[in-house]
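Accompanying notes for the structure given below.
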Amino acid sequence: MLDISELSRASGFSPSKLRYYEEVDLIRSAGRRGLKRLYEDEVKTRISLISLAQTAGFSLGVIKETMGSEGRPDLDRTVLAAKADAIDVRIKELTALRDGLRHVMNCTAENHLDCPRFQRIIRVALTKKQSDAKRSKKNPDNG
230 MLDISELSRA
240 SGFSPSKLRY
250 YEEVDLIRSA
260 GRRGLKRLYE
270 DEVKTRISLI
280 SLAQTAGFSL
290 GVIKETMGSE
300 GRPDLDRTVL
310 AAKADAIDVR
320 IKELTALRDG
330 LRHVMNCTAE
340 NHLDCPRFQR
350 IIRVALTKKQ
360 SDAKRSKKNP
370 DNG
């Protein structure tokens, strides 16, 4: 058994975040020692899964749905595949952004606005922003 302080040190999550996770039923305490909540050692695995899922971009609501009863993950492989595909798209976008920034950094044009490649980069950025705004209006909960 771990008290909330020990679990916080072991997981890197603040006690307030752990209490919140308990409040929204992502984790469960096994009891109390005085005023401190106690957790089974298995909660560390559950918290690791929560952390991994958040890093991948899943919302807490989706994470809660996938945690399954008894704390055993019930992972929908199609949801995982869709998230992996979305991460691939994001990696491509970030790679293009990085390459564009490097170009601008090393560009020999006297003014960046005179550079045709920079002009293309800012046009693409605007188009992407407009596309994202339309998509977010169609699907407000894309978590």
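Here the sequence shown is numbered in this note's numbering, starting from 230 and rising by one per residue. Heads up, the beta-carbon is just placed ideally off N, CA and C, and yes, glycines get one too. Since we're looking at a predicted model, the values are computed, not measured.
Whose C-beta lies closer than 6 Å to the C-beta of residue i among residues of the same chain, with five residues either side of it excluded?
| i | result |
| --- | --- |
| residue 372 | Any reading at residue 372 needs caution, since the residue's pLDDT is 48, under 50, leaving its predicted position unreliable; the model's value is listed next. So the qualifying residues of the chain are 288 and 291. |
| residue 250 | 256 |
| residue 308 | none |
| residue 346 | 332 |
Span of the alpha helix (DSSP H) holding residue i?
| i | result |
| --- | --- |
| residue 355 | 345-367 |
| residue 327 | 306-335 |
| residue 373 | A query on residue 373 cannot be resolved here, the shown segment of the chain reaching from 230 to 372 and no further. |
| residue 248 | 244-252 |
| residue 301 | First-last for residue 301: undefined, no H or E at that position. |
Below 8 Å on the Cβ atoms is my contact criterion, and I expect residue i with residue j to pass it. Report the Cβ-Cβ distance as a whole number of Å.
| i | j | result |
| --- | --- | --- |
| residue 256 | residue 267 | Actually they do not touch by this definition, with Cβ atoms about 12 Å apart. |
| residue 233 | residue 265 | 5 Å |
Return the CA-CA distance between residue i and residue j, expressed in angstroms with no decimal places.
| i | j | result |
| --- | --- | --- |
| residue 252 | residue 285 | 22 Å |
| residue 361 | residue 261 | 47 Å |
| residue 277 | residue 240 | 8 Å |
| residue 324 | residue 310 | 21 Å |
| residue 182 | residue 359 | Because the chain in this structure spans residues 230 to 372, residue 182 falls outside the shown range and cannot be described. |
| residue 335 | residue 348 | 15 Å |
| residue 326 | residue 259 | 47 Å |
| residue 364 | residue 263 | 50 Å |
| residue 305 | residue 295 | 8 Å |
| residue 331 | residue 254 | 45 Å |
| residue 243 | residue 356 | 40 Å |
| residue 366 | residue 315 | 18 Å |
Near residue i, what residues of its chain come up, given a Cβ to Cβ distance below 7 Å and the 5 sequence neighbours on each side ignored?
| i | result |
| --- | --- |
| residue 269 | 230 and 259 |
| residue 237 | 243, 244 and 247 |
Check for me: the beta strand (DSSP E) holding residue i runs from which residue to which?
| i | result |
| --- | --- |
| residue 267 | 265-268 |
| residue 275 | Per DSSP, residue 275 belongs to no beta strand (DSSP E); it is in the alpha helix (DSSP H), 272-284. |
| residue 261 | 260-262 |
Excluding sequence positions up to five away, which residues of its chain have a Cβ less than 8 Å from the Cβ of residue i?
| i | result |
| --- | --- |
| residue 282 | 291, 292 and 295 |
At least three beta-carbon pairs within less than 8 Å, the region 337-352 to the region 315-323: With the cut-off at 8 Å, the region 337-352 and the region 315-323 do not touch.
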